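Asks: Chains as they are written, first to last, in this note's numbering: chain E, 75 to 433; chain H, 75 to 433. Below you'll find the structure I mean.
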């Protein structure tokens with residue numbers, strides 16, 4: 075099969091970035107940038123503080139003191155090791171902000187504060203780091219979260235593949251009880267906020283050197299504004315999950331297993347972009363198992379499902395939202411899909427992942 | 075100079091560890107353990123959950139919902155990339171718990187919750203991971219903190235050097251106002267909680283293949299019980315810092331710079347173990363710049379200094395505490411030491427670190 079597509083070149087142009095003094099003397103990361111001495115201080119003063127600027131970070135202590143609003147909080151962390159570091163629609167920087175924000179909002183929390191911990195490879199271009207950090211800062215500003223504490227380590231050339239980032243986040247619950255897998259009930263409706271597999275197939279296509287006529291682009295986005303609208307519209311948003319590694323099928327398998335209920339999808343109802351479907355065909359993948367970084371799946375009480383779906387479709391982050399299945403009393407702990415020919419197939423939890431280093 | 079010492083062999087014996095089924099089929103980490111599918115689930119169910127067991131973690135959601143006591147919080151993160159993974163007196167596991175607890179307690183906070191994010195190298199022995207995780211769990215239990223959320227990624231063989239760990243922590247302030255560099259005042263006394271350089275020289279000696287008659291051992295420890303006792307004894311504990319990377323000299327330089335005051339140390343007052351002093355001589359290092367992982371430096375109002383020092387010495391974590399200097403109005407922003415011969419030397423912020431990958 076001929077590949078028909080052009081993956082858009084990565085937007086970041088290192089030549090456009092002007093390196094502030096005194097880092098001009100160090101166009102690349104050296105071991106000393108992780109040593110806690112004056113090189114570390116220069117990195118913080120010239121790269122991190124200007125990008126993340128906020129009063130909490132200014133204190134420059136080992137930890138940051140915060141005043142939280144009253145209420146229960148959500149706490150989460152993720153490591154990001156995506157390869158390559160930049161891809162159409164985003165970079166490791168946006169992923170590191172959006173991914174942790176989304177983990178928080180899947181518990182019904184509004185993300186407030188993030189920590190950012192960098193493991194840098196000796197030899198990483200300073201311009202590349204600056205571009206990643208700027209993209210993180212922009213993503214955080216747009217998501218309304220503050221990066222208030224951090225750390226940098228440097229490892230020898232050959233390790234860490236340029237840059238690994240770990241973020242942790244604190245959010246405040248927007249609704250009680252918090253959405254949780256155990257709250258799923260027989261009869262609930264399964265909604266998804268948009269097309270499946272965009273992030274995963276973008277990174278995979280880039281790595282496999284595939285090009286398509288339609289541009290593939292990561293869907294990386296912070297979903298809490300959408301979650302806020304959904305929770306305001308209904309108190310029957312029982313479960314929320316962002317189907318990242320392992321895709322929709324993995325998230326729904328986990329929900330089926332924790333809730334000890336069955337989930338049945340309608341295969342024809344699943345929204346998948348034609349370019350993603352083509353890429354999946356070429357690479358022999360199932361979009362239901364491909365990673366997303368700006369989509370959520372919701373399990374909602376039947377009586378409120380239409381209202382929640384309308385609210386999702388009215389929101390920029392849920393324009394292609396769809397009703398894709400329901401929670402059933404049969405085949406408990408199992409996810410099945412009714413195919414376009416009326417047959418039912420089991421969608422098992424896969425062993426690993428189709429392609430690693432996707433996020 | 076002859077080296078006179080024997081670094082104790084690492085305590086962990088992989089053969090003692092019994093691998094639970096079904097991980098027996100995977101004696102080493104494979105890429106699929108980071109894929110979010112059933113291999114990831116096995117790793118979580120057999121390694122992480124049994125070790126970290128607590129009700130918050132049981133929810134197994136992407137984020138964990140917590141109820142915090144009233145009051146301001148501290149938030150911190152650190153990445154741990156120490157090489158080798160095990161050393162006399164500890165491992166990357168203890169460091170990952172103690173280090174982040176200490177960052178919190180240096181803001182006067184009692185650590186409550188940690189996140190733990192693992193970046194594992196394909197091929198890492200499952201037994202090694204299990205040993206690290208068990209040591210983390212033990213360190214957390216002893217420190218009274220709970221590891222409530224986490225993440226695991228796997229990167230290809232050759233990256234990540236076995237295992238990198240990033241922890242983030244949330245603590246609750248034990249005193250207001252929180253200790254902070256800006257609170258230092260002329261006349262304040264500088265106290266240190268014990269001997270300097272133990273952690274750094276242990277790891278360095280191990281890497282350099284040095285052996286000494288006296289066993290060198292990392293001082294890795296969670297310091298908040300000591301901090302709690304100090305804050306209860308005085309409201310004039312103005313600044314706290316744990317002198318990790320870059321050692322005491324780096325921490326005090328940072329305090330001098332942020333507070334725009336001078337700091338003068340008495341070199342003869344600095345507590346250093348003979349074995350550490352020997353190792354420093356052999357390797358050409360200054361113990362004032364060597365990393366500690368279980369020591370703190372405190373800047374305390376003169377009128378309370380003796381009382382705080384007594385409280386420190388009465389505590390198991392501060393038995394060798396000493397009064398080592400004072401905050402002065404001269405040479406603002408600079409750290410100096412009065413030598414044993416009565417001369418004064420400047421201790422500058424170093425460029426990098428004497429040896430990387432120490433924590």
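Note that CB positions come from ideal geometry on N, CA and C, so glycine has one too. These numbers come from a predicted model, not from an experiment.
How many Å lie between residue 361 of chain E and residue 169 of chain E at the Cα?
Replies: Working through the first chain from its first residue, we reach residue 361 of chain E at position 287. Working through the first chain from its first residue, we reach residue 169 of chain E at position 95. Each residue's Cα considered, the two are about 20 Å apart.
Asks: Got a sec, what are the start and stop residues for the beta strand (DSSP E) residue 146 of chain E sits in?
Replies: As a working mapping, residue 146 of chain E is identified with position 72 in the first chain. Residue 146 of chain E -> no beta strand (DSSP E), and no H or E assigned at all.
Asks: Could you check whether the Cβ of residue 304 of chain H sits closer than 8 Å to any Cβ belonging to chain E?
Replies: Start at 1 with the first residue of the second chain, and residue 304 of chain H comes out as number 230. With 8 Å as the cut-off, residue 304 of chain H does not count as an interface residue toward chain E.
Asks: Please report the residue range of the beta strand (DSSP E) in which residue 336 of chain H lies.
Replies: By one-based count along the second chain, residue 336 of chain H stands at place 262. 336-340 is the span of the beta strand (DSSP E), which, as asked, contains residue 336 of chain H.
Asks: Comparing alpha-carbon positions, which option in H:142, H:123, H:226, H:304 lies nearest residue 390 of chain H?
Replies: Indexing the second chain from 1 puts residue 390 of chain H at position 316. When only C-alpha atoms are compared, the closest one is H:304.
Asks: Nearest-angstrom Cα distance between residue 163 of chain H and residue 320 of chain H?
Replies: Here residue 163 of chain H refers to the residue found at position 89 when the second chain is read from its first residue. Here residue 320 of chain H refers to the residue found at position 246 when the second chain is read from its first residue. If you take the alpha carbons of residue 163 of chain H and residue 320 of chain H, they lie about 20 Å apart.
Asks: When you compare only the Cα positions, how much space is there between residue 399 of chain H and residue 174 of chain H?
Replies: Indexing the second chain from 1 puts residue 399 of chain H at position 325. Indexing the second chain from 1 puts residue 174 of chain H at position 100. Taking the straight line from one Cα to the other gives about 27 Å.
Asks: Taking all protein chains shown into account, do 16 or more other C-beta atoms lie within 10 angstroms of the C-beta of residue 426 of chain H, making it buried, or fewer, making it exposed?
Replies: Position 352 of the second chain holds residue 426 of chain H. It counts as buried.
Asks: Whose CA, out of E:110, E:347, E:99, lies closest to the CA of residue 199 of chain E?
Replies: By 1-based counting over the first chain, the position of residue 199 of chain E is 125. Taking only the C-alpha atoms, the option nearest residue 199 of chain E is E:99.
Asks: Can you grab the Cα-Cα spacing for the pair residue 428 of chain E / residue 106 of chain H, in whole Å?
Replies: The residue labelled residue 428 of chain E in the question sits at position 354 within the first chain. The residue labelled residue 106 of chain H in the question sits at position 32 within the second chain. In a straight line, the C-alpha of residue 428 of chain E is about 9 Å away from that of residue 106 of chain H.
Asks: Hey, how far is the Cα of residue 404 of chain E from the Cα of residue 235 of chain E?
Replies: The residue labelled residue 404 of chain E in the question sits at position 330 within the first chain. The residue labelled residue 235 of chain E in the question sits at position 161 within the first chain. Going from the Cα of residue 404 of chain E to the Cα of residue 235 of chain E covers about 46 Å.
Asks: Under a three-way DSSP split, which group does residue 185 of chain E fall into?
Replies: In the first chain, counting from the first residue as 1, residue 185 of chain E sits at position 111. The answer is strand: DSSP assigns residue 185 of chain E an E or B state.
Asks: Given a cut-off of 8 Å on the beta-carbon distance, is the pair residue 232 of chain E and residue 232 of chain H in contact?
Replies: Taking the first chain and counting its residues from 1, the one referred to as residue 232 of chain E is at position 158. Taking the second chain and counting its residues from 1, the one referred to as residue 232 of chain H is at position 158. In contact: residue 232 of chain E and residue 232 of chain H (Cβ atoms closer than 8 Å).
Asks: Apart from the five residues on each side of it in sequence, which residues of its chain come closer than 6 Å, Cβ to Cβ, to residue 314 of chain H?
Replies: As a working mapping, residue 314 of chain H is identified with position 240 in the second chain. For residue 314 of chain H, where only same-chain residues beyond five positions count, the Cβ hits under 6 Å are 180, 253, 370, 372.
Asks: Beta-carbon within less than 7 Å of residue 121 of chain H's beta-carbon, same chain only, minus the 5 sequence neighbours each way: which residues are those?
Replies: Here residue 121 of chain H is taken as the residue at index 47 of the second chain, counted from 1. So the qualifying residues of the chain are 203, 204, 207.
Asks: First and last residue of the alpha helix (DSSP H) that includes residue 272 of chain E?
Replies: Locating residue 272 of chain E in the first chain gives position 198, counting from the first residue. Looking at the DSSP string, the run of the alpha helix (DSSP H) that includes residue 272 of chain E is 272-282.
Asks: Run through the segment 170-253 of chain E for me and flag every whole alpha helix (DSSP H) of 4 or more residues, listed as ranges in chain order.
Replies: Correct list: 200-217.
Asks: Helix, strand or coil for residue 408 of chain H, going by three-state DSSP, please let me know.
Replies: Counting from one through the second chain, the residue named residue 408 of chain H turns up at place 334. Here residue 408 of chain H sits in coil by DSSP.
Asks: Am I right that residue 227 of chain H and residue 108 of chain H are in contact with their C-beta atoms under 8 Å? What's the rounded C-beta distance?
Replies: Residue mapping note: residue 227 of chain H aligns to position 153 of the second chain, counting from 1. Residue mapping note: residue 108 of chain H aligns to position 34 of the second chain, counting from 1. Indeed, because the Cβ distance is near 5 Å, the residues count as touching under 8 Å.
Asks: Examine chain E for any beta-carbon lying closer than 8 Å to the beta-carbon of residue 425 of chain H, and answer yes or no.
Replies: As a working mapping, residue 425 of chain H is identified with position 351 in the second chain. At least one chain E Cβ lies under 8 Å of residue 425 of chain H.
Asks: Let me know the secondary structure DSSP gives residue 154 of chain E once reduced to three states.
Replies: Counted from its first residue, the first chain places residue 154 of chain E at position 80. Residue 154 of chain E falls in the strand class under three-state DSSP.
Asks: Select from E:136, E:239, E:113, E:415 the residue whose C-alpha is nearest the C-alpha of residue 166 of chain E.
Replies: The residue labelled residue 166 of chain E in the question sits at position 92 within the first chain. Answer by Cα proximity: E:239.
Asks: Considering just the uninterrupted stretch of the alpha helix (DSSP H) at residue 351 of chain H, what are its terminal residues?
Replies: On the second chain, residue 351 of chain H is found 277 positions in, with the first residue counted as 1. It spans 348-357 - the alpha helix (DSSP H) in which residue 351 of chain H sits, taken as one unbroken run.
Asks: When burial is assigned at 16 or more other CB atoms within 10 Å of the CB, is residue 334 of chain E buried or exposed?
Replies: Working through the first chain from its first residue, we reach residue 334 of chain E at position 260. Exposed, by the Cβ-count rule.
Asks: Comparing C-alpha positions only, which one of E:397, E:159, E:339, E:289 sits nearest to residue 380 of chain E?
Replies: For the purposes of this step, residue 380 of chain E is taken as residue 306 along the first chain, with counting starting at 1. Of the candidates E:397, E:159, E:339, E:289, the one whose C-alpha sits nearest the C-alpha of residue 380 of chain E is E:397.
Asks: Taking 8 Å as the threshold (C-beta atoms), are residue 178 of chain E and residue 150 of chain E in contact?
Replies: As a working mapping, residue 150 of chain E is identified with position 76 in the first chain. As a working mapping, residue 178 of chain E is identified with position 104 in the first chain. Yes. Within cutoff.
Asks: Report the partner residues of residue 399 of chain E according to the DSSP bridge assignment.
Replies: Translated into the one-based positions of the first chain, residue 399 of chain E becomes position 325. Answer is E:264, E:339.
Asks: Should residue 340 of chain H and residue 412 of chain H be called a contact, given that it needs their Cβ atoms to be closer than 8 Å?
Replies: Stepping through the second chain from its first residue, residue 340 of chain H is reached at position 266. Stepping through the second chain from its first residue, residue 412 of chain H is reached at position 338. Their beta carbons are under 8 Å apart, which means residue 340 of chain H touches residue 412 of chain H by this criterion.
Asks: What does DSSP give as the partner residues of residue 372 of chain H in its beta bridges?
Replies: The residue you call residue 372 of chain H lines up with position 298 of the second chain. BP columns for residue 372 of chain H point to H:265, H:314.
Asks: At what residues does the beta strand (DSSP E) containing residue 413 of chain E begin and finish?
Replies: As a first step, residue 413 of chain E is located in the first chain; it is residue number 339 there, counting from the start. Careful: residue 413 of chain E lies outside any beta strand (DSSP E) and carries neither H nor E.
Asks: Between which two residues does the beta strand (DSSP E) carrying residue 418 of chain E extend?
Replies: For the purposes of this step, residue 418 of chain E is taken as the residue at position 344 of the first chain. Unbroken beta strand (DSSP E) run through residue 418 of chain E: 418-420.
Asks: Please report the distance separating the alpha-carbon of residue 125 of chain E from that of residue 211 of chain E.
Replies: Looking up residue 125 of chain E in the first chain gives position 51. Looking up residue 211 of chain E in the first chain gives position 137. Approximately 6 Å, taken between the alpha carbons.
Asks: Give the C-beta separation of residue 225 of chain H and residue 153 of chain E to the nearest angstrom, bearing in mind that I take them to be a contact with Cβ-Cβ under 8 Å.
Replies: In the second chain, counting from the first residue as 1, residue 225 of chain H sits at position 151. In the first chain, counting from the first residue as 1, residue 153 of chain E sits at position 79. The pair is a contact, with the Cβ atoms about 5 Å apart (cut-off 8 Å).
Asks: What's the C-alpha gap between residue 119 of chain E and residue 112 of chain E?
Replies: In the first chain, the residue the question calls residue 119 of chain E occupies position 45. In the first chain, the residue the question calls residue 112 of chain E occupies position 38. Spanning the two alpha carbons is a distance of roughly 10 Å.
Asks: Please confirm whether residue 431 of chain E has its beta-carbon closer than 8 Å to some beta-carbon of chain H.
Replies: In the first chain, counting from the first residue as 1, residue 431 of chain E sits at position 357. Yes - at least one Cβ of chain H is within 8 Å of the one on residue 431 of chain E.
Asks: Rounded to the nearest angstrom, what separates residue 393 of chain H and residue 383 of chain H at their Cα positions?
Replies: In the second chain, residue 393 of chain H corresponds to position 319, counting from 1. In the second chain, residue 383 of chain H corresponds to position 309, counting from 1. Approximately 10 Å between the Cα atoms of the pair.
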